[in-house]
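Protein chains in written order, with the working numbering: chain A, 3 to 194; chain B, 7 to 371; chain C, 3 to 285. Ideal placement from N, C-alpha and C gives every residue a C-beta, glycine not left out. Everything numeric in this text was worked out from a predicted model, so none of it was measured. Structure record follows, encoded as structure tokens.
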């Protein structure tokens, strides 16, 4: 358990959350939990412990390993502080998220943080982002699942309630979307 | 005109710390940590309770380092506690299993197992003993020898680790409100911020680690009329409480004994008017107090406050925010002493305002 | 003397603080509760800011610590020493060289960059505390966005003195949602929080709250239309040494003549200004 590795990882996560849209590169984790990306495991290692709970969508074996490794307890998705969604193309996965914790008005921080694995954060559709941490607007080109963005829009519609998300891709890059970020897909313009 | 910047903060601090270190050694007297541990029980017990860290050795070290300054000693131990990894929680420990050294009740003349006075200053005449000025090592050994060779008095009728609670007697008569067992996991105020309205477990933790003087003062206020609790001390017990740690709660209940700690426990009875099936009945409610070490006054005061906070009313002692936010040694002394820090920027702002107003300044001049 | 983990706190304590920081950044201006461990310096002396710094700090960081604008202030020196003793990192008095800046009661004059993080020490995080004693109630007021108390505070000042007398702790509205206490920085510094290039984190150790304002976030000092927010102006006053008057000044008295004069409050800023100008800086 390397305290410098977790400190370095935390600073990168913080940078990603502070400047949504900015990509950060994480290191390899010291321990692997198949089939999760190494960097997803590193995120868990950095933020999870026995004081918080987590849920892994559709995989109990991962849950057992993460519990053993971090001390954090696996619970139902509606109760989880952290929700982990391994690389998965299934649309149904995102519709299951409609009951994750979004906090309440007195305690909006009692809301879930999502770790979502995608295959690429550098290739794919174009999105325009705006909000705190972004100077005017920024455009990213990433394979963010649109079904998720729809669900996110629904969960985050009553600020300050909502969820915060970290995306991880196969290269170990991370992108953050705190609840304050507005995401708009840039549609292809018709050539005139 | 040359400008001389005000620097040297570092050097000034160094010099101040050197001065402080000198105070402790200027008379050339040595006092060993072991000696403090053996002879300063009162200080050790108070400090362990307020710092919420049970270690007589560390408390004695803190006492030596702080020159007997309780505020400072508690501060040292609490800060040390912050560096220690929290490996386990103990299993639930029941003071019924306490190896009792002292156990009395004010509510009954005699109790099963007897009124065991044990060692307590309660029965002393508080007269300064000037012979202690001349006490020698030999004197100490003699006094020790004399006591240890005295005839052992009649044993208690009941084994000291199995003394029944005085409360059981009232319970058997149905005079105490029966509560279902509450096995909710307690909150841990050192891991999660206190929230209001507070839970009982939060309150008990804050009270037990509260500054002794503060708890006593508020408990006293509660007795004098600022609270509506008129308690009777049902039982005070002081002794050694065995502590077990359960390893891996998922399988079985292997509980490992890790040692015993000195504990003070108080159960107070408070008569209350309760509505049962439309009728006003008098029942006994309970106030609970428990502390590391032998801290009887504090534990009794704690029981008064426990009861008051369980029954919110519009007086300060019954207000959980008022009580719980102001009894912590480290917080209160820290904030009060922070007033000594430079505040000249904010003071300057205020100064400017006051002057402007005195000059009859207009709108946003 | 390596009996403590890097940066004093154990990993679990750091994790809890880190989680609180992340939620703070996601909900700008909202006070996130945290457990707040005891530190080797007193409550009220910057333990909140210190815990944030210790949870952030890495081997490569360069730390600046100031109090009342000065790197030499006893409190700043003490905190800097504690962080240095428990991490071995480099420290600096130059704002532009620092990656982490911990401060009490001032924001540096040198504009911050995106690669820097400012950590402010906060004694009283609750902007509504002067009008509502109860924590239970103020939490509800924030939940309901019920901030008439903050306006009332200013209104009463205007009624009494024909102007707002709130010098420091001047409340701001963050991201059009939460009213926040920016800590006892002078009004002069409030505008620096709005649309900043750098992340600003706020730590209140004794009150056990952490909050954040991300860069490029709207932060507006609250005011009435006919009594707009004004920063301190030092009309007719300038720093005796640099001649500057558009920065925050300290009032001083000449020991010998009894004359009042002014000096730049931000001591490292003044030092850098003088060095650039080629003035000999005598210690």
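To the nearest angstrom, report how far apart residue i and residue j are at their CA atoms.
i	j	result
residue 76 of chain C	residue 126 of chain C	21 Å
residue 57 of chain A	residue 95 of chain A	13 Å
residue 107 of chain B	residue 12 of chain C	38 Å
residue 58 of chain C	residue 212 of chain C	13 Å
residue 88 of chain C	residue 82 of chain C	10 Å
residue 328 of chain B	residue 18 of chain A	41 Å
residue 270 of chain B	residue 110 of chain C	52 Å
residue 277 of chain C	residue 270 of chain C	10 Å
residue 6 of chain C	residue 88 of chain B	10 Å
residue 204 of chain B	residue 342 of chain B	25 Å
residue 215 of chain B	residue 56 of chain B	4 Å
residue 251 of chain B	residue 97 of chain B	5 Å
residue 243 of chain B	residue 156 of chain A	58 Å
residue 79 of chain B	residue 69 of chain B	6 Å
residue 313 of chain B	residue 109 of chain B	21 Å
residue 137 of chain C	residue 167 of chain C	25 Å
Could you confirm whether any beta carbon from chain B is found closer than 7 Å to the beta carbon of residue i?
i	result
residue 163 of chain C	yes
residue 93 of chain C	no
residue 167 of chain C	yes
residue 191 of chain C	no
residue 22 of chain C	no
residue 210 of chain C	yes
Tell me which residues share the same chain as residue i and place their Cβ nearer than 6 Å to its Cβ, disregarding the 5 neighbours each side in the sequence.
i	result
residue 68 of chain C	78 and 105
residue 149 of chain C	181
residue 41 of chain C	49 and 52
residue 307 of chain B	221, 222 and 225
residue 61 of chain C	none
Assuming residue i contacts residue j under a Cβ cut-off of 8 Å, what Cβ separation, rounded to an integer in Å, is found between them?
i	j	result
residue 195 of chain A	residue 41 of chain A	Given a span of 3 to 194 for chain A in the structure shown, any question on residue 195 of chain A remains unanswerable.
residue 174 of chain C	residue 221 of chain C	5 Å
residue 32 of chain C	residue 162 of chain A	6 Å
residue 237 of chain B	residue 309 of chain B	7 Å
residue 223 of chain C	residue 236 of chain C	Not really, about 19 Å apart at Cβ, beyond 8 Å.
Mark residue i as exposed unless 16 or more other C-beta atoms lie within 10 angstroms of its C-beta, in which case mark it buried.
i	result
residue 265 of chain B	exposed
residue 136 of chain B	exposed
residue 247 of chain B	buried
residue 217 of chain C	buried
residue 101 of chain A	exposed
residue 320 of chain B	exposed
residue 35 of chain B	exposed
residue 217 of chain B	buried
residue 73 of chain B	exposed
residue 182 of chain A	buried
Is the Cβ of residue i closer than 7 Å to any Cβ of chain A?
i	result
residue 83 of chain C	no
residue 219 of chain C	yes
residue 175 of chain C	no
residue 141 of chain C	yes
residue 201 of chain C	yes
residue 13 of chain C	yes
residue 25 of chain C	yes
residue 129 of chain C	no
Taking Cβ positions only, does residue i come closer than 7 Å to chain C?
i	result
residue 344 of chain B	yes
residue 10 of chain A	yes
residue 20 of chain B	no
residue 366 of chain B	no
residue 159 of chain A	no
residue 298 of chain B	no
residue 70 of chain B	no
residue 108 of chain A	yes
residue 130 of chain A	no
residue 199 of chain B	yes
residue 4 of chain A	no
residue 369 of chain B	Confidence at residue 369 of chain B is low in this model, with a pLDDT of 44, below 50, so the placement of that residue should be treated as unreliable; the coordinate-derived value is given next. So yes, residue 369 of chain B belongs to the interface.
Cβ of residue i within 6 Å of any heavy atom in the ligand SAM?
i	result
residue 57 of chain A	Annotation note on the ligand SAM: not contained in the displayed structure, which lists no ligands.
Only counting the same chain, and skipping five residues up and downstream in sequence, which positions put a Cβ closer than 7 Å to that of residue i?
i	result
residue 33 of chain A	43 and 71
residue 253 of chain B	260 and 262
Taking 8 Å as the limit between beta carbons, can you name the residues of its chain near residue i, skipping five residues before and five after?
i	result
residue 16 of chain A	none
residue 249 of chain C	111, 241, 266, 267, 268 and 271
residue 29 of chain B	73
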